[in-house]
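Residue numbers (this note's numbering), protein chains in the order written: chain A, 1 to 575; chain B, 576 to 721.
The following block contains the structure:
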């Protein structure tokens with residue numbers, strides 16, 4: 001049932017806001033995202049190398065397929081978000097260095113911007129926004145140079161991405177997924193804080209930082225001093241997103257059972273520890289039961305005899321104390337061989353869990369995420385995690401310490417005790433990545449975790465239980481506005497307004513200007529609502545004439561226009 | 576023609592070596608120039624200085640052999656230069672200007688970028704991570720600061 005638009009209280013504040021509605025996009029417009037091809041002829045997007053169509057990508061050259069993949073990612077975001085201002089992504093494929101697959105980011109930031117029409121402008125003063133979001137909320141392009149790009153993206157022409165559009169990437173890396181992630185940052189899924197120092201550009205906060213809450217201090221980042229932000233940025237597991245949309249959607253995406261590594265005894269070192277996960281072996285979020293036991297440091301041979309390249313604690317060869325390890329949790333120092341080798345060797349010695357702690361060379365590093373090698377992975381039967389060096393040494397120094405590797409069933413994987421979603425805050429800080437990603441303990445895996453995991457879909461929202469990126473963007477200000485009139489759909493008199501230039505009733509074009517009102521309805525919308533709520537033609541005509549009388553009374557239409565409209569209503573076959 | 580082997584290589588091989596280094600340096604410069612050239616919309620030189628790193632892990636798949644190997648020194652330098660430029664989070668030298676409809680804007684001039692890195696794995700796949708700092712990139716790619 002439509003809202004009762006004939007309610008006098010809703011009609012009273014009517015006044016004409018804009019007469020010509022050309023400034024608004026058509027209904028269901030969403031956002032237009034344009035890829036601006038910055039490549040020269042015959043390279044990058046213009047590479048003429050023949051290519052067979054793949055995974056729904058019909059391009060017949062390498063360049064076409066690259067451009068199609070970019071456009072597909074842009075289309076996914078464009079059909080998900082709403083903006084009346086075209087978003088321009090200046091993009092190119094260029095020969096980047098080895099291992100560098102691409103880069104992307106906003107081209108400018110804005111604060112204290114105004115707006116046009118019903119668009120709300122900035123939600124907070126003295127707060128930085130990324131260009132794309134600022135334009136959406138301003139209802140117009142803010143940059144003084146028309147057509148100035150909002151996002152810049154450069155990807156490697158040396159790397160063999162999967163260019164299909166169907167996410168059926170197999171062992172390759174899906175370009176569309178990577179683009180969705182990087183475009184997400186450009187859409188304001190990032191703060192502007194330098195986490196290493198806690199400082200902010202010009203000393204001003206940003207819209208993302210306003211939603212970043214430290215559970216320990218109870219403060220959001222915009223209310224903190226630089227020193228407080230600096231400390232918060234390494235408060236692993238205790239910094240969360242406060243936005244209502246993400247919190248509400250989290251139960252639809254994150255499974256119950258938060259992965260954790262907890263030292264049980266002795267009390268002096270007991271507690272939940274910051275840890276990194278492995279892509280091999282049993283996955284904590286899906287383990288049927290936790291593993292707990294005594295933590296036993298491995299002792300193996302010093303392979304190089306000098307304790308340099310290898311040590312007696314690296315677990316790269318069969319442990320000499322296998323009997324003590326069997327049935328317990330093996331503690332292994334990082335280095336000397338691959339993570340998965342350590343996991344396999346400890347598993348084969350009978351360990352029920354494996355903890356790998358950073359070696360001296362990585363003493364200041366966060367516990368790493370650990371990839372498999374595709375060879376040893378199937379032989380790792382014990383869940384394997386990584387710890388900071390300080391936590392590993394504490395276990396070494398406390399023989400007989402006990403620990404548990406498993407899930408806390410009361411907490412969702414990637415959320416806190418009250419259901420707020422955790423942000424990635426490793427210790428030590430990783431400026432930029434800290435805060436501007438979801439925590440990597442989230443499960444299912446989310447698009448905006450630091451690692452772009454192979455199991456991600458192209459779905460960026462929680463509607464089908466897949467992701468929380470759209471919800472976070474809603475929280476920073478990407479409100480749903482299907483007709484791009486500047487009013488959020490949930491307060492819009494008509495979320496899908498009819499923006500025809502003149503009022504048409506049935507097949508009768510009255511020629512009367514289709515006014516747009518501050519309620520978010522056009523003149524045509526009001527008549528359409530009457531039609532939808534009328535049970536018979538007489539009621540429709542009567543209610544329409546009532547509306548026309550009020551419009552006439554307010555001086556919005558003339559007697560002649562009222563007569564034409566009334567005549568159109570009378571002759572229309574409505575309902 | 577035969578040359579007597581010298582301790583540090585024959586004159587021919589030393590000459591080739593110098594040429595390779597020179598070519599690598601030129602290529603590095605060219606690639607960086609091409610890459611950075613299209614990155615910034617109105618890019619100014621960055622004040623960020625690339626530190627010297629060395630590769631410690633086999634994270635690159637050799638295009639000729641398909642085998643994993645460490646990045647060469649030239650490749651490492653190129654990688655570090657690009658990542659340092661892109662992840663620069665300093666606002667030094669960035670100016671504020673007025674927007675078309677009011678407000679204040681600050682162009683990033685190629686800084687504040689998220690960088691996608693790929694680490695080749697023995698099974699033929701590549702692990703992908705989004706980083707925002709050189710330090711994070713170094714940790715992921717197995718680079719140690721010299």
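By construction, the Cβ of each residue, glycine as well, lies at the ideal position given by its N, Cα and C atoms.
Along chain A, which residues have their Cβ under 7 Å away from the Cβ of residue i?
i	result
residue 650/B	97 and 98
In whole angstroms, what is the alpha-carbon distance linking residue i and residue j?
i	j	result
residue 26/A	residue 674/B	Only weak support is given to the placement of residue 26/A: the predicted model assigns it a pLDDT of 39, under 50, and the question is left unresolved by the model.
residue 404/A	residue 422/A	21 Å
residue 266/A	residue 108/A	52 Å
residue 521/A	residue 484/A	12 Å
residue 580/A	residue 118/A	Any question about residue 580/A goes unanswered here, given that chain A covers just 1 to 575.
residue 475/A	residue 189/A	10 Å
residue 564/A	residue 253/A	54 Å
residue 197/A	residue 284/A	34 Å
residue 88/A	residue 660/B	22 Å
residue 350/A	residue 259/A	22 Å
residue 195/A	residue 230/A	6 Å
residue 427/A	residue 495/A	45 Å
residue 378/A	residue 177/A	27 Å
residue 614/B	residue 163/A	At residue 614/B, the pLDDT of 42 sits below 50, so the modelled position is not reliable; the number obtained from the coordinates is stated separately. Cα to Cα, the separation comes out at about 22 Å.
residue 400/A	residue 371/A	29 Å
residue 467/A	residue 446/A	6 Å
residue 329/A	residue 269/A	16 Å
residue 216/A	residue 393/A	26 Å
residue 380/A	residue 348/A	8 Å
residue 337/A	residue 261/A	23 Å
residue 251/A	residue 471/A	13 Å
residue 78/A	residue 132/A	12 Å
residue 368/A	residue 386/A	6 Å
residue 303/A	residue 317/A	8 Å
residue 293/A	residue 373/A	28 Å
residue 708/B	residue 182/A	15 Å
residue 158/A	residue 411/A	43 Å
residue 191/A	residue 211/A	10 Å
Give me the chain B residues within the contact set of residue i, using Cβ-Cβ distance strictly less than 8 Å, ordered along the chain.
i	result
residue 213/A	Those within 8 Å of residue 213/A in chain B number zero; the least Cβ separation is about 21 Å.
residue 142/A	674, 675, 676, 678 and 680
Less than 6 Å between C-beta atoms, sequence neighbours within five positions excluded: which residues of the same chain meet that for residue i?
i	result
residue 331/A	295, 297, 355 and 395
residue 142/A	110, 113, 134 and 135
residue 621/B	For residue 621/B, the predicted model reports a pLDDT of 45, less than 50, meaning its position is unreliable and no value from the coordinates is stated.
residue 59/A	65 and 68
residue 46/A	39 and 63
residue 116/A	139 and 140
residue 184/A	448 and 469
residue 359/A	333, 334 and 335
Output, in chain order, the set of chain D residues within a Cβ distance shorter than 8 Å of residue i.
i	result
residue 677/B	Of the protein chains in the structure, A and B, none is chain D.
Output, in chain order, the set of chain B residues within a Cβ distance shorter than 9 Å of residue i.
i	result
residue 451/A	702, 703, 704 and 705
Along chain A, which residues have their Cβ under 8 Å away from the Cβ of residue i?
i	result
residue 696/B	371, 372, 373 and 374
residue 688/B	103, 104, 105 and 152
Which residues in the same chain have their Cβ closer than 7 Å to the Cβ of residue i, if we skip the five residues on either side of it in sequence?
i	result
residue 155/A	93, 101 and 102
residue 695/B	634, 635, 636, 643 and 701
residue 567/A	none
residue 723/B	Any question about residue 723/B goes unanswered here, given that chain B covers just 576 to 721.
residue 500/A	514 and 524
residue 56/A	164, 165 and 166
Listing by chain order, which chain B residues have their CB less than 7 Å from the CB of residue i?
i	result
residue 83/A	The premise fails here: residue 83/A is roughly 15 Å from chain B at the closest Cβ pair, so nothing lies under 7 Å.
residue 138/A	676
residue 194/A	664
Interface residues of chain A around residue i at Cβ under 9 Å?
i	result
residue 683/B	105, 106, 107, 108, 109 and 152
Tell me which residues share the same chain as residue i and place their Cβ nearer than 8 Å to its Cβ, disregarding the 5 neighbours each side in the sequence.
i	result
residue 549/A	562
residue 591/A	The structure shown does not extend to residue 591/A, since chain A spans only 1 to 575, so no value can be given for it.
residue 324/A	296
Quick one: is the Cβ of residue i within less than 6 Å of any heavy atom of the ligand ZN?
i	result
residue 330/A	As far as ligands go, the structure on display features none, and thus does not contain the ligand ZN.
*Along the chain, which unbroken stretches of the alpha helix (DSSP H) at least 4 residues long are found entirely within the region 509-562 of chain A?*
Counting only runs of 4 or more, we get 523-533 and 537-553.
*Taking Cβ-Cβ distances below 7 Å as the criterion, which residues of the region 172-184 of chain A are in contact with chain B?*
Taking 7 Å as the Cβ-Cβ cut-off against chain B, the residues of the region 172-184 of chain A that qualify are 173, 178, 181 and 182.
*Identify every run of the beta strand (DSSP E) within the region 453-487 of chain A, keeping only runs that are complete inside it and at least 3 residues long; order them along the chain.*
Runs found: none.
_My parser needs the alpha helix (DSSP H) runs of 4 or more residues fully inside the region 293-356 of chain A; what are they?_
Within the region 293-356 of chain A, the complete alpha helix (DSSP H) runs of at least 4 residues fall at 322-325 and 339-348.
*At which residue ranges does the region 219-301 of chain A contain complete alpha helix (DSSP H) runs of 4 or more residues, listed in the order of the chain?*
Within the region 219-301 of chain A, the complete alpha helix (DSSP H) runs of at least 4 residues are 226-232 and 244-249.
_Members of the region 656-670 of chain B near chain A, C-beta cut-off 9 Å_ = Of all residues in the region 656-670 of chain B, 656, 657, 658, 661, 662, 664, 665, 666 and 669 have a Cβ within less than 9 Å of some Cβ in chain A.
*Kindly provide the ranges of any alpha helix (DSSP H) runs that are 4 or more residues long and lie completely inside the region 167-217 of chain A, ordered along the chain.*
If only complete runs of 4 or more residues are kept, the region 167-217 of chain A shows the alpha helix (DSSP H) at 175-186, in order along the chain.
*4 or more residues per run - each alpha helix (DSSP H) lying fully within the region 397-422 of chain A*: Taking 4 residues as the minimum length, the region 397-422 of chain A contains no alpha helix (DSSP H) run wholly inside it.
*Which residues, in chain order, does the region 342-369 of chain A contribute to contact with chain B at a C-beta distance below 9 Å?*
Those would be 361, 362, 365, 366, 368 and 369, in chain order.
*For the region 30-99 of chain A, which segments carrying the beta strand (DSSP E) assignment without a break, of at least 3 residues, lie completely within its bounds, in sequence order?*
The region 30-99 of chain A contains these whole beta strand (DSSP E) runs: 33-37 and 87-94.
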